[in-house]
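Chemist:
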Amino acid sequence: MCRWAAYRGDPLYLEELVSSPAHSLIEQSHCATRAKTATNGDGFGIAWYGDRPEPGRYRDILPAWSDCNLKSLARQIRSPLFLAHVRAATGGGTRRDNCHPFTHGTWSFMHNGQISGFERLRRPMEAMLDDELFNARGGTTDSELMFLLALQFGLREAPIAAMAHMIGVVEDLADSVIGSILLRFTAAFSDGNTLYAIRYATDRKAPTLYASPVNAGYCLVSEPLNDDVDAWAEIPDGSAVTIGKDGIDVADFRPEKRSASKPQRVAIPA
1 MCRWAAYRGD PLYLEELVSS PAHSLIEQSH CATRAKTATN GDGFGIAWYG DRPEPGRYRD
61 ILPAWSDCNL KSLARQIRSP LFLAHVRAAT GGGTRRDNCH PFTHGTWSFM HNGQISGFER
121 LRRPMEAMLD DELFNARGGT TDSELMFLLA LQFGLREAPI AAMAHMIGVV EDLADSVIGS
181 ILLRFTAAFS DGNTLYAIRY ATDRKAPTLY ASPVNAGYCL VSEPLNDDVD AWAEIPDGSA
241 VTIGKDGIDV ADFRPEKRSA SKPQRVAIPA
């Protein structure tokens with residue numbers, strides 16, 4: 001499994017999440033405490049938004065703790081919205097194209113989780129993409145393919161609904177091809193204006209996700225960045241998070257094929 005952090009609010013130096021805290025993302029890359037594996041050394045990446053609509057991005061296959069460029073960039077780049085990720089590969093080789101975040105146009109996406117039996121599902125999933133999105137695929141991970149499928153299913157127009165559609169399609173496909181379904185999906189994604197996240201798993205064991213107010217904004221993380229437990233609210237499994245100019249909203253999330261329950265709010269520390 002991987003670890004990630006994302007932020008939306010007043011401009012903030014990336015180092016405030018990536019390298020400065022006691023349990024920063026770089027610290028989590030070699031000493032994660034709330035994941036199956038403590039080490040996440042199969043590459044890293046950052047995507048940030050500035051004066052242009054498309055995000056900037058830097059990725060490499062080095063472990064995050066050993067790349068001095070990452071610490072330098074994090075100290076100098078100030079952004080109102082950014083995503084950062086350290087990778088523990090569950091599928092796909094250790095290569096730059098497989099490092100998160102993935103980007104397409106104004107959108108960025110990163111993921112922690114997996115699709116069980118992905119190699120049997122990859123070809124029919126790719127066949128659902130139009131030529132533009134199929135040709136945009138650079139790596140071999142299930143994460144990138146799920147991102148492209150969400151774009152295929154309307155991510156630009158209705159982000160949460162598109163992710164619900166995508167996950168529902170993947171579950172139906174797994175049931176048909178494999179005869180069983182196991183999907184774990186804790187992801188963050190953005191169009192440069194709003195930050196979204198989803199925590200969901202078919203077995204109710206989704207990778208962890210926490211939220212906290214930071215610098216007139218909010219951050220979302222796989223693990224708390226410090227020991228102040230009162231500052232961090234765990235996002236429940238089966239949730240969709242939206243962080244925009246009006247603050248944070250957390251509601252129930254289910255794949256499209258399942259009946260939707262009434263949205264419920266989760267208290268986030270003020």
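Numbering-wise (the UniProt record's numbering), the sequence shown opens with residue 1 and increments by one.
Built from N, CA and C at the ideal position, the CB exists for glycine as well.
#1: Can Phe189 and Leu195 be called in contact, C-beta distance under 9 Å?
#2: Take every Cβ of the segment 61 to 73, pair it with every Cβ of the segment 141 to 153, and state whether three or more of those distances are shorter than 8 Å.
#3: Where do the ends of the alpha helix (DSSP H) carrying Met166 lie?
#4: Residues in its own chain within less than 6 Å of Gly179 by CB, not counting five upstream and five downstream?
#5: Tell me where the beta strand (DSSP E) around Leu195 begins and ends.
#6: With a CB to CB cut of under 6 Å and the five nearest residues on each side skipped, what residues in its chain are close to Arg59?
#7: What are the boundary residues of the alpha helix (DSSP H) that includes Ser66?
#8: Under a three-way DSSP split, which group does Ile235 fall into?
#9: What's the call for Ser239, buried or exposed, on a 16-neighbour Cβ count within 10 Å?
#10: Can you pull the DSSP bridge partners for Val241?
#11: Report the start-end ranges of each alpha helix (DSSP H) in the segment 102 to 130 that is 4 residues or longer and not cut off at the edges.
#12: In the DSSP assignment, find the unbroken beta strand (DSSP E) run with Val86 in it and report its ends.
#13: Helix, strand or coil, according to DSSP, for Asp142 in the structure here?
#14: For a quick check, are the C-beta atoms of Met110 and Ser143 less than 9 Å apart?
#15: What is the DSSP secondary structure of Asp10, counted as helix, strand or coil?
#16: Would you mind reading off the limits of the alpha helix (DSSP H) that contains Val18?
#17: Taking the C-alpha atoms as reference points, what is the distance between Gly43 and Ser66?
#18: Which residues does DSSP list as the beta-bridge partners of Thr94?
#19: With a Cβ-Cβ cutoff of 9 Å, do Phe185 and Ala201 count as a contact?
#20: So for Ser29, helix, strand or coil by DSSP?
Modeler: By the coordinates alone:
#1: Here residue 189 refers to the residue found at position 189 of the sequence shown. Here residue 195 refers to the residue found at position 195 of the sequence shown. Contact: yes.
#2: no
#3: As a first step, residue 166 must be located in the sequence shown, where it is residue number 166. It spans 159 to 177 - the alpha helix (DSSP H) in which Met166 sits, taken as one unbroken run.
#4: Numbered from its first residue, the sequence shown carries residue 179 at position 179. Contacts found: none.
#5: The residue labelled residue 195 in the question sits at position 195 within the sequence shown. Counting along the chain, the beta strand (DSSP E) containing Leu195 begins and ends at 195 to 201.
#6: What you label residue 59 is simply residue 59 of the sequence shown in a count that begins at 1. Answer for Arg59: Gly45, Arg96, Cys99, listed in chain order.
#7: Here residue 66 corresponds to residue number 66 of the sequence shown, with the count starting at 1. Element bounds for Ser66: n/a, residue is neither H nor E.
#8: If you number the sequence shown from 1, residue 235 lands on position 235. In the structure shown, Ile235 sits in coil (DSSP, three-state: anything other than H, G, I, E or B).
#9: Numbered from its first residue, the sequence shown carries residue 239 at position 239. Classification for Ser239: buried.
#10: As a working mapping, residue 241 is identified with position 241 in the sequence shown. BP columns for Val241 point to Ala197, Val250.
#11: 118 to 127
#12: For this step, residue 86 is matched to residue 86 along the sequence shown. Judged by DSSP secondary structure, Val86 falls within the beta strand (DSSP E) whose first and last residues are 78 to 86.
#13: As a first step, residue 142 is located in the sequence shown; it is residue number 142 there, counting from the start. Residue state, collapsed to three classes: helix.
#14: One-based indexing of the sequence shown puts residue 110 at position 110. One-based indexing of the sequence shown puts residue 143 at position 143. It is a contact, given that the beta carbons lie within the stated cut-off.
#15: Translated into the one-based positions of the sequence shown, residue 10 becomes position 10. Of the three classes helix, strand and coil, the one that applies to Asp10 here is strand, per DSSP.
#16: What you label residue 18 is simply residue 18 of the sequence shown in a count that begins at 1. Here the alpha helix (DSSP H) through Val18 covers 15 to 18.
#17: Against the sequence shown, residue 43 aligns to sequence position 43. Against the sequence shown, residue 66 aligns to sequence position 66. Per the coordinates, the alpha-carbon of Gly43 lies some 10 Å from the alpha-carbon of Ser66.
#18: Within the sequence shown, the letter at position 94 stands for residue 94. None, per the DSSP bridge assignment.
#19: Stepping through the sequence shown from its first residue, residue 185 is reached at position 185. Stepping through the sequence shown from its first residue, residue 201 is reached at position 201. Yes.
#20: By 1-based counting over the sequence shown, the position of residue 29 is 29. Ser29 falls in the helix class under three-state DSSP.
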